[in-house]
Amino acid sequence: MSNLLVNGLLSFLDKSTSMFHAADSVIQKLESEGFSFLDSVSNWELQEGGKYYVTSNHSAVIAFTVNSTSIENEGFKIVGAHTDIPGFKIKPNPQMSTESYVKLNTEIYGGPIVNTWLDRPLSAAGRVALKGSHPLHPTIQLVDLEKPILIIPNLAIHMNREVNNGVKLNPQKETLPILTYMKEKIEGNLILEEVAKKLGVASSDILEMDLFLYPVEKSCLVGLNEEFISAARLDDLSMVYSGLDALINSTSTCGINVLACFDNEEVGSTSKQGANSPLLNHTLERIAMALGKSRDEYLRSLAMSFIISADVAHLLHPNYPEKSDPTNKVLPGNGPAIKLTAGCSYTTDSDSFGVFANLCASNNIPYQVFVNRSDERGGSTIGPVTASHLGVRSIDIGTPMLSMHSARELMATSDFIHTTSAMAAFFNL
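Take the sequence shown: its position 89, counting from 1, is numbered 89 in our numbering, and each next residue is one higher.
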């Protein structure tokens, strides 16, 4: 089972080259497991035992199983994660020329470790809006160029003798990827034409594109005994996959299990498809209405609900142990980390901590505790925004990892398995 689970994750990561492709990968898996699509503009008819999903912006997915219709007494069990990844987005009209080189104009999305993207073979993937039959409804297609067509070259050490002492990179000047070189004058938009060729459409039919760079190297296992997962996009697609596997394999007969995969967490979640939107609230309320529940019964169901905000956590780094909290050291092989902070950028409190700790202990799943050093500011998650919108008890947990926000990240294989087991135990309550 563990080998199947890990191999499934590696395949999922390699297919999910943008937030749009991640959502599509989730949908393909859901549909193969008998989940039915619910259109947001149609009336919902739900059945006990039914399995359903909804989408937003082609980049966010909420899937759920109706284990029982008694939600006012049994509530929702929710796992939330996100589909987006820090990196680079290609700007409109991106083509730039310097001498004979052709570069693309890009901007940083989220907070990547920029220098890890240098000298890597890169491709581009995302969403394309095409002319449709109605002005308000363009035709949408996903595109993945797949082959390595881009690279951001480093400056040679001979031209920058201080490079190993640390270099600050200017994102408008020094991180623009090379597409090709041409001696003759360039005619047309080369990346637009490449996308059109890939989709088999006329370039004049393309209205706009949401294209993101990604490293083309495949995910793999590393270490003396393959004890680590080395891959791009572990943050946060490993958590998406853990929740997806747990939801699909749940056998609970209580309440409603929900997996919410939001977009745009890396840039603050303030979008219609982000956690700081009505998306989850509206979906839960529509579920309640479709089951014939009153507004009072819906609010009672929220009081009986619980959210696991699932975003990766930090392992203690063996070369920088002083960067970790002195009394709470997160180590590989010790299971998912419960994330706490006094500043409420995580939602964990003693009540929700107790829920997850007892869940793990009851199922022989190891867990550990992450807190930031008191002189370091940590990151944020979808947890606080979803909890504050819904008023639902919530905890922040994550599979610990190294190299977070690098172009390629590192995670202990056993910790990924333990996290998936914890989510499965939660959904099986």
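Every residue, glycine too, gets a C-beta built ideally from N, C-alpha and C.
No experiment lies behind these values; they were computed from the predicted model shown.
Could you please give the first and the last residue of the uninterrupted alpha helix (DSSP H) stretch that includes residue i?
i	result
Ala22	Met19 to Ser32
Val41	From DSSP, Val41 is part of no alpha helix (DSSP H); its letter is neither H nor E.
Val355	Ser350 to Ser362
Val195	Leu190 to Leu199
Asp296	Arg295 to Ala303
Glu72	Ile71 to Glu74
Leu390	Gly383 to Leu390
Residues bridged to residue i by DSSP?
i	result
Gly80	Ala260 and Ser309
His317	DSSP output for His317 lists no bridge partner at all.
Pro215	Leu122
Cys220	Ser230
Arg127	Leu142 and Asp210
Asp325	According to DSSP, which records beta bridges pairwise, Asp325 is partnered with nothing at all.
Leu402	Leu410
Tyr181	Tyr101
His158	DSSP output for His158 lists no bridge partner at all.
Ile395	Ile308
His137	His134
Using a 10 Å radius around the Cβ and a threshold of 16 neighbouring Cβ atoms, would you call residue i buried or exposed?
i	result
Leu9	buried
Pro215	buried
Asn164	exposed
Glu266	buried
Cys344	exposed
Gly166	exposed
Glu72	buried
Asp375	exposed
Tyr320	exposed
Leu516	Residue 516 is absent from the structure shown; the chain starts at 1 and stops at 429.
Met182	exposed
Asn67	buried
Met159	exposed
Val242	Val is not the amino acid found at residue 242; the sequence shown has Ser there. So Ser242 ends up on the buried side.
Thr98	exposed
His134	exposed
His314	buried
Lys197	exposed
Val195	buried
Phe427	buried
Asn257	buried
Lys293	buried
Asp296	exposed
Lys77	buried
His261	Contrary to the premise, residue 261 reads as Cys rather than His in this sequence. That one is buried.
Pro332	buried
Ile157	exposed
Thr180	exposed
Quick test of your reading: residue i and residue j, contact by CB under 8 Å. State the CB separation rounded to the nearest angstrom.
i	j	result
Ile365	Ser421	5 Å
Ala81	Asp245	Not confirmed; about 12 Å, so no contact.
Ser264	Leu390	Note that residue 264 is Asn in the sequence shown, not Ser. Rounded, the Cβ-Cβ distance is 18 Å, inconsistent with contact.
Val312	Leu234	7 Å
Asp351	Arg300	With 8 Å as the limit, Asp351 and Arg300 do not qualify as a contact, their Cβ atoms being about 19 Å apart.
Ser309	Asp396	5 Å
Arg120	Ala231	Incorrect: roughly 13 Å between the Cβ atoms, too far for contact.
Tyr109	Pro92	Not quite, the Cβ-Cβ distance comes to about 15 Å (not below 8 Å), so this is no contact.
Ile287	Leu46	7 Å
Ile113	Ser406	5 Å
Val240	Ile186	Contact flag wrong, Cβ pair sits at about 39 Å.
Val79	Met304	Contact flag wrong, Cβ pair sits at about 16 Å.
Gln95	Ile178	The Cβ separation is near 12 Å, so there is no contact.
Thr399	Ser269	Not a contact, Cβ separation roughly 20 Å.
Leu150	Leu211	Wrong, their Cβ atoms sit about 11 Å apart, outside the cutoff.
Val330	Leu316	6 Å
Would you mind reading off the limits of the beta strand (DSSP E) that contains residue i?
i	result
Tyr101	Tyr101 to Tyr109
His282	Here His282 belongs to no beta strand (DSSP E); instead the alpha helix (DSSP H) covers Leu279 to Ala290.
Ile62	Ala60 to Val66
Lys15	First-last for Lys15: Ser2 to Lys15, but that is the alpha helix (DSSP H), not the beta strand (DSSP E).
Lys89	Gly87 to Thr98
Val54	Lys51 to Ser56
Lys147	No beta strand (DSSP E) contains Lys147, which DSSP labels as neither H nor E.
Ile490	Residue 490 cannot be examined here, being either before or after the span of the chain that is shown, 1 to 429.
Val369	Gln368 to Phe370
Cβ-heavy atom distance between residue i and the ligand GTP below 7 Å?
i	result
Ser42	Here there are no bound small molecules, and the ligand GTP is not part of this structure.
Taking Cβ positions only, does residue i come closer than 8 Å to chain D?
i	result
Arg393	The chain labelled as chain D is not found in the depicted structure, where only one protein chain is given.
Given 8 Å as the limit, is there contact between the region 362–377 and the region 319–328, that is, 3 or more CB pairs closer than that?
A contact exists between the region 362–377 and the region 319–328.
Should the region 12–22 be regarded as contacting the region 44–55, the criterion being three or more beta carbon pairs within less than 8 Å?
Contact between the region 12–22 and the region 44–55 is absent, because fewer than three Cβ pairs lie under 8 Å.
Indicate whether the contact test is met: 3 or more Cβ pairs, each with one atom in the region 22–42 and one in the region 61–69, closer than 8 Å.
Yes, the region 22–42 touches the region 61–69.
Tell me, please, whether the region 272–283 touches the region 375–395 by the rule of three or more beta-carbon pairs shorter than 8 Å.
The region 272–283 makes contact with the region 375–395, as at least three CB pairs between them are under 8 Å.
Is it the case that the region 123–136 contacts the region 196–216, given that we only count it when at least three CB pairs across the two stretches are under 8 Å?
Yes, they touch.
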